[in-house]
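Engineer: Residue numbers for the sequence shown, in full-length UniProt numbering: 1 to 202.
Glycine included, C-beta positions come from ideal geometry on N, C-alpha and C.
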Amino acid sequence: MSDERTTHAPGELLIKVLHHLRDGVCLTIDTLENDLGLTRRQISKTMSKLIMRGFVERAEVGCYQLTAEGVKARDEGVVLTSGPTGPHTGKASRPWRDTLRQRAWATMRMSASFTLGDIVVAASRNDRDATSNAGRYVRALVQAGYVIEMPIRQKGTRITSNGFKRYRLVRNTGPVAPVYRPGKHTIYDYNLREDVSCDKNN
Numbered sequence: 001m002s003d004e005r006t007t008h009a010p011g012e013l014l015i016k017v018l019h020h021l022r023d024g025v026c027l028t029i030d031t032l033e034n035d036l037g038l039t040r041r042q043i044s045k046t047m048s049k050l051i052m053r054g055f056v057e058r059a060e061v062g063c064y065q066l067t068a069e070g071v072k073a074r075d076e077g078v079v080l081t082s083g084p085t086g087p088h089t090g091k092a093s094r095p096w097r098d099t100l101r102q103r104a105w106a107t108m109r110m111s112a113s114f115t116l117g118d119i120v121v122a123a124s125r126n127d128r129d130a131t132s133n134a135g136r137y138v139r140a141l142v143q144a145g146y147v148i149e150m151p152i153r154q155k156g157t158r159i160t161s162n163g164f165k166r167y168r169l170v171r172n173t174g175p176v177a178p179v180y181r182p183g184k185h186t187i188y189d190y191n192l193r194e195d196v197s198c199d200k201n202n
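Structure follows, in C-alpha cells:
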C-alpha cells in the first residue's frame, strides 16, 4: 500500500484512476485499492474529483463506473490537473469551489452510508475546525431532508461508547454542494436553483 505522503505530480492520481476504470464495468473502492496500491483516502478524494468533473458516476451503492464524458476524456488523453477545472454541466450556475463542504458533499454522494468521522477523514485537508464544520453541514442537510440518520449506530471503539451515528444521503440532486444559509434557515441548491427549508425534519 502506498504512503499518502508520497509525492504525486498534479493530476497523476486522477489519470491513474480514470484509466483503470473500464467501459461498462462497475468497480468498488475496495477493488481499486487492491488494484492500484493506493489508500482508501486517496481513492475517495480522487473519485470525488472525477465525479465533480462528470467523468465518473455511481452505478450502484459503493460501485463506480465511467460516464460517456469519462470514456471520451480517457480515450482522448485529456490532461487532468488536481485543481477545480473541467466541464461544468447541468443546472448549477455556481462555480465549483474546493471547500470542505464541497468535498464532504462529494463523499456523501459516493457513500452507501457514512459517519461524521468518515466525512472528515475523506474531505478534510487541514481545514480549520473540520469536524465542527462538517457536523453543522450534515445537521443542516438532515433538517432539509437531504440526509437521514440511520437507526443503527456504528459500534464505538470504547466499551463505554454509545457508538457513532450513521447517515445516508437520500436526496442526491447533483455535483454542486447545496449551501446552508443560516439567516434564512434554508439550503440553497445550485443544482435545482431553489431554496429548501431546513424545517422539514424538526
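Judging by CA-CA distance, which residue of 24, 176 and 168 is the nearest neighbour of residue 106?
Structural biologist: 176
Engineer: Helix, strand or coil: which one does DSSP assign to residue 152?
Structural biologist: coil
Engineer: So the candidates are 163, 178 and 40; which of them puts its Cα closest to the Cα of residue 29?
Structural biologist: 40
Engineer: If we call anything under 8 Å between Cβ atoms a contact, is residue 119 one with residue 147?
Structural biologist: no
Engineer: Can you grab the Cα-Cα spacing for the pair residue 12 / residue 43, in whole Å?
Structural biologist: 12 Å
Engineer: Under DSSP, the beta strand (DSSP E) around residue 58 begins and ends at which residues?
Structural biologist: 56-60
Engineer: Cβ atoms of residue 19 and residue 74: under 8 Å apart, would you say?
Structural biologist: Less than 8 Å separates the beta-carbon of residue 74 from that of residue 19.
Engineer: Does residue 48 pass the burial test, meaning 16 or more other C-beta atoms within 10 Å, or should it be called exposed?
Structural biologist: buried
Engineer: In its own chain, which residues sit with a C-beta less than 6 Å from the C-beta of residue 101, not counting the 5 before and 5 after it?
Structural biologist: Around residue 101: 137 and 177.
Engineer: Which residue spans inside the region 97-178 form an unbroken alpha helix (DSSP H) run of at least 4?
Structural biologist: 100-110, 116-123 and 130-143
Engineer: One question on the structure: do residue 55 and residue 46 come within less than 8 Å of each other, judged by their Cβ atoms?
Structural biologist: no
Engineer: With residue 186 as the anchor, note down where its beta strand (DSSP E) starts and where it stops.
Structural biologist: 186-189
Engineer: Can you tell me which of the three DSSP states residue 46 falls into?
Structural biologist: Helix at residue 46.
Engineer: Count the other CB atoms within 10 Å of the CB of residue 17; is the residue buried (16 or more) or exposed (fewer)?
Structural biologist: Buried, by the Cβ-count rule.
Engineer: In whole angstroms, what is the alpha-carbon distance linking residue 71 and residue 190?
Structural biologist: 26 Å
Engineer: Have a look at residue 151 and residue 186 and give me their C-alpha separation to the nearest angstrom.
Structural biologist: 25 Å
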